[in-house]
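Report on the structure given below.
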Amino acid sequence: EDQVTQSPEALRLQEGESSSLNCSYTVSGLRGLFWYRQDPGKGPEFLFTLYSAGEEKEKERLKATLTKKESFLHITAPKPEDSATYLCAVGDTGRRALTFGSGTRLQVQP
Amino acid sequence: DAMVIQNPRYQVTQFGKPVTLSCSQTLNHNVMYWYQQKSSQAPKLLFHYYDKDFNNEADTPDNFQSRRPNTSFCFLDIRSPGLGDAAMYLCATSGTESSYNEQFFGPGTRLTVL
Chain U
1 EDQVTQSPEA LRLQEGESSS LNCSYTVSGL RGLFWYRQDP GKGPEFLFTL
51 YSAGEEKEKE RLKATLTKKE SFLHITAPKP EDSATYLCAV GDTGRRALTF
101 GSGTRLQVQP
Chain L
1001 DAMVIQNPRY QVTQFGKPVT LSCSQTLNHN VMYWYQQKSS QAPKLLFHYY
1051 DKDFNNEADT PDNFQSRRPN TSFCFLDIRS PGLGDAAMYL CATSGTESSY
1101 NEQFFGPGTR LTVL
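Keeping their order, the protein sequence lines are chains U and L. According to the numbering used here, the first sequence holds residues 1 to 110 in order. According to the numbering used here, the second sequence holds residues 1001 to 1114 in order.
Here it is in structure tokens:
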């Protein structure tokens, strides 16, 4: 059975204080690892897809990396508007649908 | 802009009173999904459609049903809502059924059961 574990559950940063969020996964055959941002009371917003170990993608202050067992979402010099829950999900060769983690709630204080 | 639309954004119903949630999409995607998300939890897949082919998750209660009358629209029917069904319901679409592809989510419907 696919498993996705995100850590930490919650993270509080000062504006400008860089950090990383972790997504550990277990799948029989990885078809893709997805990062989403979710604001309170809203649907998840797609950020990145990573397909193979060693792949990296960047968008503004966010950078996602992938190994064979985990993915990191690095946040460089975060701003208060980066505050949100960040969800990780994996696609598996054996399943039609994605498996989501519970997310990391990020709060960036000015 | 192409998008996924959910109506209503907020729905209040009474215990046991049937309710229908609506989702529409302008992306022309083949696949539509319904998720249930409770506070601080991962979205939980209820079922999905690949075109008109309905796929139910094994642990989705019989109380939840779905209809997809055409490519653009999909409905979630909760026949007899219980207090435990209070949650955010998310609709998503994908271009293909392969788990290669990212899913695009609507804004969600927050369901309250009194």
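Heads up, the beta-carbon is just placed ideally off N, CA and C, and yes, glycines get one too.
is_contact[S975/L, chain U] using C-beta, thresh 9 Å: An answer regarding residue 975/L cannot be provided, because it is not within the stretch 1001 to 1114 covered by chain L.
Within chain L, the residues that G54/U reaches when beta carbons sit closer than 9 Å: Against the first sequence, residue 54/U aligns to sequence position 54. The contacting residues do not exist; G54/U stays about 18 Å from chain L at best.
Closest residue to R61/U among G54/U, E1/U, S20/U (Cα-Cα distance): Sequence index remark: in the first sequence, residue 61/U carries index 61 (1-based). Out of G54/U, E1/U, S20/U, S20/U has the C-alpha closest to the C-alpha of R61/U.
Separation of K59/U from A1092/L, as counted between CA atoms: Residue mapping note: residue 1092/L aligns to position 92 of the second sequence, counting from 1. Residue mapping note: residue 59/U aligns to position 59 of the first sequence, counting from 1. If you take the alpha carbons of A1092/L and K59/U, they lie about 23 Å apart.
Cβ neighbours of Q14/U in the same chain (closer than 6 Å, five flanking residues each side left out): Counting from one through the first sequence, the residue named residue 14/U turns up at place 14. Contacts found: Q109.
Backbone secondary structure at E1/U - three-state DSSP: Here the question's residue 1/U lines up with position 1 in the first sequence. Coil.
Own chain, CB closer than 6 Å to N1007/L, minus 5 neighbours either side, in chain order: Numbered from its first residue, the second sequence carries residue 1007/L at position 7. Close CB contacts of N1007/L within its chain, under the 6 Å cut and outside five residues either way in sequence, are with S1022 (chain order).
Whole runs of the beta strand (DSSP E) within the region 1004-1032 of chain L, excluding any shorter than 3 residues: 1004-1007, 1010-1013, 1019-1025
Residue from K1017/L, Y1050/L, A1042/L, M1088/L with nearest C-alpha to S134/U: Outside the shown range of chain U, which is 1 to 110, sits residue 134/U, and nothing can be said about it.
Cross-chain neighbours of L1045/L in chain U, by beta carbon under 7 Å: Mapped onto the second sequence, residue 1045/L falls at position 45. The answer, in chain order, is A97.
Validate contact between the region 1067-1078 of chain L and the region 70-89 of chain U using beta carbons, cut 8 Å, 3 pairs: no
Chain U contact for F959/L (CB, 9 Å cutoff): Since the displayed chain L opens at 1001 and closes at 1114, residue 959/L lies outside it and no answer follows.
Close beta carbons around N1055/L, own chain, < 8 Å, minus the five adjacent residues each side: The residue given as residue 1055/L occupies position 55 in the second sequence. F1047, H1048, Y1049.
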